[in-house]
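Asker: Residue numbers (the numbering used here): 61 to 489.
The C-beta atom is built at its ideal place from N, Cα and C for all residues, glycine as well.
Handing you this structure, nothing more for now.
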Amino acid sequence: MSFAELGLKPGLLKAVDSLGYIIPTPIQEQSIPIALTGRDLLGCAQTGTGKTAAFILPALQLTDRHYVAPATDGAVHAAEPETSRPAARGERALKTPIRTLVITPTRELAGQIEEVAVACARYTGQHIAAVYGGVGYDPQLKKLRRGVDLLVATPGRLLDLEQRGELDLSHVQILVLDEADRMLDMGFWPDVRRIMNLLPTHRQNMLFSATLSNDVMRIAGPILDDPARVEVAPAATPIEAIDQAIYPVAETQKADLLVRLLEEAQLDRVLVFTRTKHRADRVCRHLERARIKGAAIHSNRSQSQRQHALDGFKNGTYRVLVATDIVARGIDVDKISHVINYDLPAVAQDYVHRIGRTARAGAAGTAISFLAAEQAGELREIEVMLGTPLPCRDLDGFEYMQRLIPSPERTAKKLKPRLVYNGSARRRR
61 MSFAELGLKP GLLKAVDSLG YIIPTPIQEQ SIPIALTGRD LLGCAQTGTG KTAAFILPAL
121 QLTDRHYVAP ATDGAVHAAE PETSRPAARG ERALKTPIRT LVITPTRELA GQIEEVAVAC
181 ARYTGQHIAA VYGGVGYDPQ LKKLRRGVDL LVATPGRLLD LEQRGELDLS HVQILVLDEA
241 DRMLDMGFWP DVRRIMNLLP THRQNMLFSA TLSNDVMRIA GPILDDPARV EVAPAATPIE
301 AIDQAIYPVA ETQKADLLVR LLEEAQLDRV LVFTRTKHRA DRVCRHLERA RIKGAAIHSN
361 RSQSQRQHAL DGFKNGTYRV LVATDIVARG IDVDKISHVI NYDLPAVAQD YVHRIGRTAR
421 AGAAGTAISF LAAEQAGELR EIEVMLGTPL PCRDLDGFEY MQRLIPSPER TAKKLKPRLV
481 YNGSARRRR
């Protein structure tokens, strides 16, 4: 199926073509026609599947003031005239009422959704903006006061601006909640509920999530009205093109093993995950001493520092980006050759989100996870979730100290790791 067959108008098709998109991804092919009917939508798709365009394209089409949408009664109703409500005393009038509101949990995601939306709206004349914390208000306020058709926002900054009287949410026609499971994990749901209370009752709702856990389904119920459900891959299923392996190593040797891997193997663009921001900084200092160009991205960094690190990783200035899970969902970079779990994640499902940063758009990728004795339990949970044990490997020539090597006879349901030391990954029965 082509994008033209999805029912998109010429301006959007021209933008899609200029972006180099040839055929829709499964989430786009299934979601866009449904969204264009105005029906509520519940979507489940992993990172890297084209999920952002799946909601941006129909939202732009449905809220274009020049678009004429078919009505359910068979008649054709013209789009609502573009008028702003009168401003109350002391309130600034906005030139363009916000028609689409996209809520997302992190600054990085907000910025990347804004990039996609701006590119898709290139030929429609619609105005796009993103508002998020960690940066000054003035640049964001200037965009809002010029008029915005589609707004991308993190919950805290959106509520702050609304309380300041800078936002008119009374004309929102489409609400998109992106990365719903991450918003739950990060404790944003009370803010999201407050935002929904500010919106018109009658609107189209789209909720997207990488997983459809019981918690996600519980919150989706009151929001969505008879939604269509699109699930292009089972929840918590890794991309098959990823070569996954465990590297058993002592905790004190992780940094040295990372450097040796980067020195000896063909690791072109590498994303490294640590459990804490302090460890991310320590890893970066270790890489710097080894003259390997890397940068850290975590919540202690300012927005400008985070953007600088992400831009440098994208353009090749930095070969390695060291990140924590708090910003993992906001990292959307093509051609990541390797993901290295310096620390295994505390939550098994985060393993899938991490490794999904490689093997995007049909490319192959490699995921390497360091296994220290202290994280045997985390490995067990990951393998139970995957339904299969992960293979163990060694780096030839690396002098290993005492370490935990999982038993080769283990199964995904019952693991029997044992502590051995024989200088290599040969298993002792």
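Determine contact between the segment 283–294 and the segment 251–268, defined as no fewer than three beta-carbon pairs at a distance below 8 Å.
Answerer: yes
Asker: Compute the Euclidean distance between the alpha carbons of K74 and L117, then round it to the nearest angstrom.
Answerer: If you take the alpha carbons of K74 and L117, they lie about 12 Å apart.
Asker: For P86, I'd like the list of residues in its chain whose CB is within less than 6 Å of its CB, leaving aside the five on either flank, ordered along the chain.
Answerer: V292
Asker: Could you tell me whether the Cβ atoms of R320 and F458 are closer together than 9 Å?
Answerer: yes
Asker: Which of the three DSSP states is assigned to F430 in this structure?
Answerer: strand
Asker: Taking C-alpha atoms, which residue in T160, K337, A340 lies nearest to L235?
Answerer: Here the closest residue by C-alpha is T160.
Asker: Is it true that the segment 99–109 meets the segment 194–213, where meeting means three or more beta-carbon pairs spaced less than 8 Å apart?
Answerer: no
Asker: Take A64 and list the residues in its own chain whose beta-carbon comes closer than 7 Å to its own, dropping the five residues that flank it on each side.
Answerer: Within the same chain, and ignoring the five residues on either side of A64 in sequence, the residues whose Cβ sits closer than 7 Å to its Cβ are L73.
Asker: Helix, strand or coil: how does DSSP classify E226 here?
Answerer: coil
Asker: Sorted by chain position, which residues of the same chain lie with C-beta nearer than 6 Å to E441's C-beta, five sequence neighbours on each side aside?
Answerer: A408
Asker: Excluding sequence positions up to five away, which residues of its chain have a Cβ less than 8 Å from the Cβ of M256?
Answerer: L235, I283
Asker: CA-CA distance, P352 and R224?
Answerer: In the sequence as presented, Pro is not what sits at residue 352; that position holds Ile. Going by the C-alpha atoms only, they are around 45 Å apart.
Asker: For H231, does the three-state DSSP call read helix, strand or coil?
Answerer: For H231, the secondary structure class from DSSP, reduced to helix, strand or coil, is coil.
Asker: Have a look at the DSSP bridge pairing and note the partners of M256.
Answerer: For M256, which the question treats as bridged, DSSP gives no partner whatsoever.
Asker: Around the C-beta of H262, are 16 or more other C-beta atoms found within 10 angstroms, so that it is buried, or is it exposed?
Answerer: Counting Cβ neighbours within 10 Å, H262 comes out exposed, since fewer than 16 surround it.
Asker: Just verifying my parser: in three-state terms, what is the DSSP assignment at Q172?
Answerer: helix
Asker: Measuring CA to CA, which of V290, L431, L258, C344 is closest to M266?
Answerer: V290
Asker: Hey, S397 and T426 are a contact pair by Cβ (cut 8 Å); roughly how many whole angstroms apart?
Answerer: 7 Å
Asker: Give me whichever residues DSSP pairs with R289 in a beta bridge.
Answerer: L102
Asker: Could you check whether D403 and R335 sit closer than 9 Å to each other, using their CB atoms as the reference points?
Answerer: Inclusion of R335 and D403 in the CB contact set at 9 Å is warranted, their separation being smaller than that value.
Asker: Provide the residue span of the beta strand (DSSP E) that contains S269, from first to last.
Answerer: 264–269
Asker: Please name the residue, chosen from T418, F430, S359, that lies closest to K337 on a Cα-to-Cα basis.
Answerer: S359
Asker: By how many angstroms is the C-alpha of M243 removed from the C-alpha of L272?
Answerer: 13 Å
Asker: Just to confirm my understanding: we take G216, look at its own chain, exclude 5 residues before and 5 after, and list those with CB closer than 6 Å. What are they?
Answerer: Close CB contacts of G216 within its chain, under the 6 Å cut and outside five residues either way in sequence, are with G193 (chain order).
Asker: Going by C-alpha to C-alpha distance, which of T164, A383, P405 sits closest to E239?
Answerer: T164
Asker: May I have the straight-line CA-CA distance separating E323 from L347, to the nearest angstrom?
Answerer: 11 Å
Asker: What would DSSP say about P141, mapped onto helix, strand or coil?
Answerer: Residue placement at P141 is poorly supported in this model, since its pLDDT is 38, which falls under 50; the coordinates still yield a value, given next. Three-state DSSP puts P141 in coil, outside helix and strand.
Asker: Hey, would you say L431 sits closer than 9 Å to F373, going by beta carbons?
Answerer: no
Asker: Assign R463 to one of three DSSP states: helix, strand, or coil.
Answerer: strand
Asker: If contacts are defined as beta-carbon pairs under 8 Å, then I188 and A177 qualify, I think. What distance do you get, rounded to the angstrom?
Answerer: Confirmed, about 4 Å.
Asker: In the DSSP output, what is F458 paired with across the bridge?
Answerer: The partner list for F458 (beta bridge, DSSP) is empty, contrary to what the question assumes.
Asker: At the 9 Å Cβ level, is A305 part of the contact set with chain C, yes or no?
Answerer: Annotation note: the requested chain C is absent from the structure, which comprises a single protein chain.
Asker: Between which two residues does the beta strand (DSSP E) holding P308 run?
Answerer: 302–308
Asker: So, for C180: in the same chain, excluding its five sequence neighbours on each side, which residues have a beta-carbon less than 8 Å away from its beta-carbon?
Answerer: L72, A75, V76, L79, A113, I116, L117, L120
Asker: By Cβ distance, which residues of its chain are closer than 6 Å to D328, with the 5 residues on each side in sequence left out?
Answerer: Same-chain partners within the cutoff: S397.
Asker: Is the distance from the Cβ of I173 to the Cβ of V208 below 9 Å?
Answerer: no
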